[in-house]
Amino acid sequence: MPELPEVEFVARQLRDDLVGRRIRRAEVFWPRAIQGLGVPEFEAGLAGRVVTAIGRRGKYLLIYLDDGAVLLVHRRMSGNLRLAASDEDEPYVRVAVTLDDGRRLLYTDPRKFGRLALARAEELPALFAALGPEPLDPSFTVEALAARLAGRRGPIKAALVDQSVVAGLGNIYADEALFRAGIHPLRPASSLDPAEVAALHMGIVGVLRAGIEHGGTTFSRYRDAYGESGTNRQHLEVYQRTGEPCIRCGTPIERIVVGQRGTHFCPSCQRARPFSGTGQARRRRAT
DNA sequence: CTATAAACCTGCTGGC
DNA sequence: TGCCAGCAGGTTTATA
Numbered sequence: 002m003p004e005l006p007e008v009e010f011v012a013r014q015l016r017d018d019l020v021g022r023r024i025r026r027a028e029v030f031w032p033r034a035i036q037g038l039g040v041p042e043f044e045a046g047l048a049g050r051v052v053t054a055i056g057r058r059g060k061y062l063l064i065y066l067d068d069g070a071v072l073l074v075h076r077r078m079s080g081n082l083r084l085a086a087s088d089e090d091e092p093y094v095r096v097a098v099t100l101d102d103g104r105r106l107l108y109t110d111p112r113k114f115g116r117l118a119l120a121r122a123e124e125l126p127a128l129f130a131a132l133g134p135e136p137l138d139p140s141f142t143v144e145a146l147a148a149r150l151a152g153r154r155g156p157i158k159a160a161l162v163d164q165s166v167v168a169g170l171g172n173i174y175a176d177e178a179l180f181r182a183g184i185h186p187l188r189p190a191s192s193l194d195p196a197e198v199a200a201l202h203m204g205i206v207g208v209l210r211a212g213i214e215h216g217g218t219t220f221s222r223y224r225d226a227y228g229e230s231g232t233n234r235q236h237l238e239v240y241q242r243t244g245e246p247c248i249r250c251g252t253p254i255e256r257i258v259v260g261q262r263g264t265h266f267c268p269s270c271q272r273a274r275p276f277s278g279t280g281q282a283r284r285r286r287a288t
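The opening residue of the first sequence carries number 2 in my numbering; numbering runs sequentially from there.
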């Protein structure tokens, strides 16, 4: 599942390789992947344009064009963007963008959940009005996180994957951030004390930075712009580790469902209520 | 307003 | 060995 680190890593790759290139033509093979415009208008809107910049907002990849338009790509569950040589092909190609040097930017997506859209750059603020702060931006402070969590009665895990609270966290990094902070996923979001919010802030920023550093988390699908897997999976501490020993205390990792999503946590390191344990386990801080 | 649930999709897993 | 129900989850839309 592409989350912020997977989108950011590919954005950096495409920035090096795509900026300055002219688009020869675009072909849509799965019309429902295009949002807003009809397929002919979408294809015509890309043909002949030069890529001027690459950006990212939350899980959206932004490809800026020389006429003031922006191509938005959201990969949802199984989408990938791959820069392929002219003679290379891939399965599940939904959209193909041919560049002036013959290479193709391929949007592949077995599940067909991902969406592409073409917008004017000046429309972006309105389009992203409901998105929360960028967690790697300096403006994302402990206070900013606390303000977003205040008044929310649902579980903290559900709040973290809500894009209006923080932009870019998905199921993997939300579970990882809660583990680093030592917070139980079912804790009401508004019940965290200031120290816990600070620990969670550090956890969020930490897991996202690590994810980018390791080229993203690959389970079955995610690949980068050159078709390579990310290595962050081997650095995950709870996600998809059900039954395996906690790296901190050895207790088997548990899996529950929170807000319709599989949620992984250590029942010893992440207590349901602070200081409500048997006294057997010590509270520890992630370093 | 908040919040919960279904729908969108198809490859993969696990049970029999 | 083979079949198939059910799971996986980001976002939008619908409903309570």
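Think of the CB as a built atom: it goes at the ideal place given N, C-alpha and C, for glycine as much as any other residue.
Rounded to whole angstroms, what's the CA-CA distance from Ser191 to Ala151? Just pull it up for me.
5 Å
CB Gly49 to CB Ile24, shorter than 8 Å?
yes
Under 8 Å by Cβ, that's how I've got Thr219 and Gly207 pegged, so tell me the actual separation to the nearest angstrom.
Actually they are not in contact, since the Cβ atoms of Thr219 and Gly207 sit about 20 Å apart, beyond 8 Å.
Please report how far the alpha carbon of Val40 lies from the alpha carbon of Pro111, in whole angstroms.
20 Å
Residue range of the alpha helix (DSSP H) that Leu19 falls in?
Leu5 to Leu19
Could you check what DSSP says for Leu132 in three-state terms: helix, strand or coil?
coil
Compare the C-alpha of Ala200 against each of Gln271, Val259 and His265 and name the closest.
Gln271
Pair within 8 Å by beta-carbon distance, Arg83 and Ala226:
yes
Quick check on the burial criterion: 16 or more other C-beta atoms within 10 angstroms. Buried or exposed for Cys247?
buried
With DSSP as the reference, identify every bridge partner of Thr252, one or two as the case may be.
Paired residue(s): none; Thr252 is not in a bridge.
Tyr240 - DSSP class collapsed to helix/strand/coil:
coil
One question on the structure: do Val74 and Leu62 come within less than 8 Å of each other, judged by their Cβ atoms?
yes
In angstroms, rounded to a whole number, what distance separates the CA positions of Ala45 and Glu28?
10 Å
Spatial neighbours of Val239 within its chain, please: CB distance less than 7 Å, with the 5 preceding and 5 following residues excluded, ordered by chain position.
Asp176, Glu177, Phe180, Ile254, His265, Phe266 and Cys267
Is there contact here, the region 164-174 with the region 117-133, by at least three beta-carbon pairs under 8 Å?
yes
Inter-residue spacing [alpha-carbon to alpha-carbon] between Leu137 and Arg57:
11 Å
Which residues bound the alpha helix (DSSP H) around Arg149?
Val143 to Leu150
Do you know how far the Cα of Gln241 is from the Cα of Gly217?
15 Å
Look at the alpha carbon of Gly155 and the alpha carbon of Ser87, and state the distance between them as a whole number of angstroms.
49 Å
Please identify the residue among Ile205, Arg256 and Lys158 whose C-alpha is closest to the C-alpha of Arg188.
Lys158
By Cβ distance, which residues of its chain are closer than 7 Å to His185, with the 5 residues on each side in sequence left out?
Phe266, Gln271, Arg272 and Ala273
Along the chain, where does the beta strand (DSSP E) that runs through His265 open and close?
Arg262 to Phe266
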